[in-house]
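Numbering (the numbering used here), first residue to last: 14 to 90. Have a look at the structure below, then the notes.
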């Protein structure tokens, strides 16, 4: 068994949008999507790391920041 680690780099927009989605995933019964209990460990680890590194999560204008990040990440039609 290897104990090496993987580093993932995200932009601030990507991190904010992913953090919001992971929060929704964790509080929703999505057992059909996440059918392997082993997957929850990395999901919780990623979500926890994002929670610690994103001050935007606690900003009074969080909803506006989240929507702006989503708009910037959506592909142009």
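For glycine and all other residues, C-beta sits at the position ideal for the given N, C-alpha and C.
- Contact check between the segment 80-89 and the segment 26-38: three or more CB pairs, one atom from each, fall below 8 Å, which counts as touching.
- In this structure, the alpha-carbon of residue 47 lies about 22 Å from that of residue 20.
- The criterion of a C-beta distance shorter than 9 Å is satisfied by residue 70 and residue 64.
- In the assembly as shown, residue 40 is an exposed residue. Its beta-carbon has fewer than 16 other beta-carbons within 10 Å.
- Between residue 79 and residue 56 the beta-carbon gap is near 19 Å, outside 8 Å, which marks them as no contact.
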